[in-house]
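Visitor:
Residue numbers (full-length UniProt numbering): 1 to 545.
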């Protein structure tokens, strides 16, 4: 066995200390080391230059190979290259050295060494703190197994005062941003949902300054892929439920089949709502606002959310449940649009069914005047003027933290509005007030005086979610094609437009900020009206038979 030796190659003066260090290292770890001292840079600052003058090995590229045989030593393809660079002393005066290994070639190691030295040279010679900050950044890159940052990026960060060593993740900053955001309860709940359900699980682990457009494109593609699975699962569940309804309840065989189908349904995921294009746009808007805040705090220099491309989110159009659409829905369970509207006949069928319901006046108000769910639950008698046939929308009940209720002002200035009431609605509200007075007498001291128009039997607030569930149950009992409670609002607008009410008046009734929103949502209804107008125009001109 040949004795261990250390061979030193240098581009500058040879120092006996290099050989001594090499021999000591070889004896310590059983490796033959080849030291190539890089003399292209004498040091980024006087402090480093002084250190380099005191040590011949202040900067070096090292190749290490296992000491197994002299033949292996001659085969230079074996082993890896390492770099070593002296760094400024820490604030406590401790000496520190940058070491990074695993390079396949000497050239790669030398390139990184020169980059490290260039980065260390960026701060002014008198800026010892800046040099230490760059040193910390380099050490962090080694610890995290990341590439060294570019000179351009580091220069921008130094000039803007941004932190060079970033430990804050996207998820951590999202939490900080949401905690300090001063917005309405509904908007806050929407932000929290976007963060909790999509942003934090998918990109929360990424370091804030490392977030790229590609990461966001991948996230939104994953959301779109999940939508496909959700729709397939919803379709299977709907088919199973439809089959269950078709099987008679009589007979042992039928009961066994029904039991098997119910067991199959129990194993299926519940109905879920896909994350459609509009929601994806809102998720991006939440992230974009968050990252804008990070830029304002000089934590990042680029907002990838402003550059990720998404499918255009067109506002869903309201479609009427025509006989053809109803027939297809009964076969497939698919809704032609997220926003579906009953025909006047269907609306009448619904109102006839709920005519004896204790909250009939509420359903009537939804169907005829189109207020929002929270606005109805928050409507007060003090804002209801039956003699003047008016109600003032100045409050809404919102759900917070999953179930708790709070009063809140309308979301926008246009939400504050006065609704004119037709005589039928006024009559329904008068009858409701008489019924509520009877309930108050029956409850006695247990009555909760909330001044709400629509309440629980004891006078307490009516929960918006319970209203929605009650509506879904009634629709299912009647067998009408499905619409959301919010679609009664769209139905009220459709009835008004069909009755010839000016679209500006309809827009004000709904509390839209602009007529353009109303036109966009109800374009299909307006198209039908334009056909009626064309026919009416044609009838004006007398023609020979």
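For every residue, glycine included, the Cβ atom is placed at its ideal position computed from N, Cα and C.
(1) Assuming residue 128 contacts residue 88 under a Cβ cut-off of 8 angstroms, what Cβ separation, rounded to an integer in Å, is found between them?
(2) Give every residue of the same chain whose Cβ lies closer than 8 angstroms to the Cβ of residue 90, excluding the five residues on either side of it in the sequence, and list them in chain order.
(3) Which two residues bound the contiguous alpha helix (DSSP H) that contains residue 393?
(4) Out of curiosity, what's the CA-to-CA distance linking residue 154 and residue 277?
(5) Answer yes if the region 348–356 comes into contact with the region 465–483, meaning at least three C-beta pairs across the two stretches below 8 angstroms, and no otherwise.
(6) Could you name the residues of the same chain whose beta carbon sits closer than 8 angstroms to that of residue 310, not counting the 5 residues immediately before and after it, in chain order?
(7) List the residues that DSSP assigns as beta-bridge partners of residue 568.
(8) So, using beta-carbon positions, are residue 367 and residue 494 closer together than 8 angstroms?
(9) Helix, strand or coil for residue 287, going by three-state DSSP, please let me know.
(10) Going by alpha carbons, who is nearest to residue 190 out of 115, 235, 287, 157?
(11) Taking its Cβ as the centre, do 16 or more other Cβ atoms sit within 10 Å of residue 203, making it buried, or is it exposed?
(12) With residue 96 as the anchor, note down where its beta strand (DSSP E) starts and where it stops.
(13) Using the DSSP secondary-structure output, state which residues sit across from residue 326 in a beta bridge.
(14) Does residue 10 come out as helix, strand or coil in the three-state DSSP assignment?
(15) I'd like to know whether the C-beta atoms of residue 257 and residue 247 end up nearer to each other than 8 angstroms.
(16) How many angstroms separate the CA atom of residue 301 from the CA atom of residue 409?
(17) Applying the 10 Å Cβ sphere with the 16-neighbour rule, what's the burial state of residue 42?
(18) When DSSP builds the beta bridges, which residues end up paired with residue 398?
(19) Just to check my reading of the structure: residue 508 and residue 417 have Cβ atoms closer than 8 angstroms, yes? What is that Cβ distance to the nearest angstrom?
(20) Take the Cβ of residue 307 as the centre, count every other Cβ of all protein chains shown within 10 Å, and call the residue buried at 16 or more, exposed below.
(21) I'd like to know whether the C-beta atoms of residue 377 and residue 485 end up nearer to each other than 8 angstroms.
(22) Can you give the Cα-Cα distance for residue 386 and residue 515, rounded to whole angstroms?
(23) Using a Cβ-Cβ cut-off of 7 angstroms (strictly less than) and excluding sequence neighbours within five positions of residue 380, which residues of its own chain qualify?
(24) Any idea if residue 552 is buried or exposed, counting beta-carbon neighbours within 10 angstroms, 16 or more meaning buried?
(25) Enumerated in chain order, which unbroken segments of the alpha helix (DSSP H) with a length of 4 residues or greater are wholly contained in the region 292–365?
(26) Given residue 414, which residues of its chain have a CB within under 7 angstroms of its CB, disregarding the five upstream and five downstream residues?
(27) By how many angstroms is the C-alpha of residue 373 removed from the C-alpha of residue 467?
(28) For residue 461, name the three-state secondary structure that DSSP assigns.
(29) Does DSSP put residue 121 in a helix, a strand or coil?
(30) Kindly list the residues whose CB is nearer than 8 angstroms to the CB of residue 142, restricted to its own chain and excluding five residues on each side of it in sequence; keep chain order.
(31) Do residue 406 and residue 392 have their C-beta atoms within less than 8 angstroms of each other?
(32) Using the rule of at least 16 other Cβ atoms within 10 Å of the residue's Cβ for burial, across every protein chain shown, is residue 375 buried or exposed?
(33) Between residue 389 and residue 365, is the Cβ-Cβ spacing less than 8 angstroms?
(34) Mapping DSSP to helix, strand and coil, what is residue 47?
(35) Determine whether the beta carbon atoms of residue 434 and residue 360 lie at a separation below 8 angstroms.
(36) Taking DSSP as the reference, what is the three-state secondary structure of residue 169?
Guide: Inspection of the coordinates gives the following:
(1) Numbered from 1 along the chain shown, position 128 holds the residue referred to as residue 128. Numbered from 1 along the chain shown, position 88 holds the residue referred to as residue 88. Confirmed, about 6 angstroms.
(2) To locate residue 90, count along the chain shown from 1; it is residue 90. The residues are 96, 132.
(3) The residue given as residue 393 occupies position 393 in the chain shown. Per DSSP, residue 393 belongs to no alpha helix (DSSP H); it is in the beta strand (DSSP E), 390–393.
(4) Along the chain shown, one-based indexing puts residue 154 at 154. Along the chain shown, one-based indexing puts residue 277 at 277. Answer to the nearest angstrom: the Cα atoms are 37 angstroms apart.
(5) yes
(6) Residue numbering aside, residue 310 sits at position 310 when the chain shown is read from its first letter. For residue 310, where only same-chain residues beyond five positions count, the Cβ hits under 8 angstroms are 220, 277, 280, 281, 284.
(7) Residue 568 lies beyond the residue range present for the chain, which begins at 1 and ends at 545; the question has no answer from this structure.
(8) Here residue 367 is taken as the residue at index 367 of the chain shown, counted from 1. Here residue 494 is taken as the residue at index 494 of the chain shown, counted from 1. Not closer than 8 angstroms, so no.
(9) For this step, residue 287 is matched to residue 287 along the chain shown. In this structure, residue 287 counts as helix in the three-state DSSP scheme.
(10) Numbered from 1 along the chain shown, position 190 holds the residue referred to as residue 190. That would be 287, whose Cα lies nearest to the Cα of residue 190.
(11) Working through the chain shown from its first residue, we reach residue 203 at position 203. Buried.
(12) Taking the first residue of the chain shown as position 1, residue 96 is located at position 96. Unbroken beta strand (DSSP E) run through residue 96: 96–103.
(13) Here residue 326 refers to the residue found at position 326 of the chain shown. DSSP, once it has assigned bridges, lists no residue as partnering residue 326.
(14) For the purposes of this step, residue 10 is taken as the residue at position 10 of the chain shown. Since pLDDT at residue 10 reaches only 35, below the 50 mark, its modelled position is unreliable, and the value read off the structure follows with that caveat. Strand.
(15) Position 257 of the chain shown, counted from the start, is the residue given in the question as residue 257. Position 247 of the chain shown, counted from the start, is the residue given in the question as residue 247. Yes.
(16) Taking the chain shown and counting its residues from 1, one reaches residue 301 at position 301. Taking the chain shown and counting its residues from 1, one reaches residue 409 at position 409. Whole-angstrom Cα-Cα distance: 37 angstroms.
(17) Here the question's residue 42 lines up with position 42 in the chain shown. Because residue 42 carries a pLDDT of 36, less than 50, the predicted location of this residue cannot be relied on, and the following value inherits that uncertainty. By the 10 Å Cβ count, residue 42 comes out exposed.
(18) Start at 1 with the first residue of the chain shown, and residue 398 comes out as number 398. BP columns for residue 398 point to 406.
(19) As a working note, residue 508 is residue 508 in the chain shown. As a working note, residue 417 is residue 417 in the chain shown. Confirmed, Cβ separation roughly 6 angstroms.
(20) Taking the chain shown and counting its residues from 1, the one referred to as residue 307 is at position 307. The residue in question, residue 307, is exposed, as its Cβ has fewer than 16 Cβ neighbours within 10 Å.
(21) By 1-based counting over the chain shown, the position of residue 377 is 377. By 1-based counting over the chain shown, the position of residue 485 is 485. Against a cut-off of 8 angstroms, the Cβ pair of residue 485 and residue 377 comes out as no contact.
(22) Locating residue 386 in the chain shown gives position 386, where the first residue counts as 1. Locating residue 515 in the chain shown gives position 515, where the first residue counts as 1. The alpha-carbon atoms of residue 386 and residue 515 are separated by roughly 28 angstroms.
(23) Translated into positions along the chain shown, residue 380 becomes position 380. Here the set comprises 395, 451, 452, 453.
(24) Outside the shown range of the chain, which is 1 to 545, sits residue 552, and nothing can be said about it.
(25) 323–332, 344–353
(26) Here residue 414 corresponds to residue number 414 of the chain shown, with the count starting at 1. 511, 512, 513.
(27) Taking the first residue of the chain shown as position 1, residue 467 is located at position 467. Taking the first residue of the chain shown as position 1, residue 373 is located at position 373. In a straight line, the C-alpha of residue 467 is about 8 angstroms away from that of residue 373.
(28) Stepping through the chain shown from its first residue, residue 461 is reached at position 461. In this structure, residue 461 counts as strand in the three-state DSSP scheme.
(29) Here residue 121 is taken as the residue at index 121 of the chain shown, counted from 1. The answer is coil: DSSP assigns residue 121 none of H, G, I, E or B.
(30) Taking the chain shown and counting its residues from 1, one reaches residue 142 at position 142. Here the set comprises 98, 99, 100.
(31) Residue mapping note: residue 406 aligns to position 406 of the chain shown, counting from 1. Residue mapping note: residue 392 aligns to position 392 of the chain shown, counting from 1. Cβ atoms of residue 406 and residue 392: not closer than 8 angstroms.
(32) Numbered from its first residue, the chain shown carries residue 375 at position 375. That one is buried.
(33) Reading the chain shown from its first residue, position 389 is the one you call residue 389. Reading the chain shown from its first residue, position 365 is the one you call residue 365. No; because the gap between Cβ atoms is not below 8 angstroms, this pair is not in contact.
(34) Within the chain shown, numbered from 1, the residue matching residue 47 stands at position 47. Per-residue confidence for residue 47 stands at a pLDDT of 45, beneath the threshold of 50, marking its modelled position as unreliable; the derived number appears in the next sentence. Note: residue 47 maps to helix in three-state DSSP.
(35) Counted from its first residue, the chain shown places residue 434 at position 434. Counted from its first residue, the chain shown places residue 360 at position 360. Not in contact: residue 434 and residue 360 (Cβ atoms no closer than 8 angstroms).
(36) Here residue 169 is taken as the residue at index 169 of the chain shown, counted from 1. In the structure shown, residue 169 sits in a strand (DSSP, three-state: E or B).
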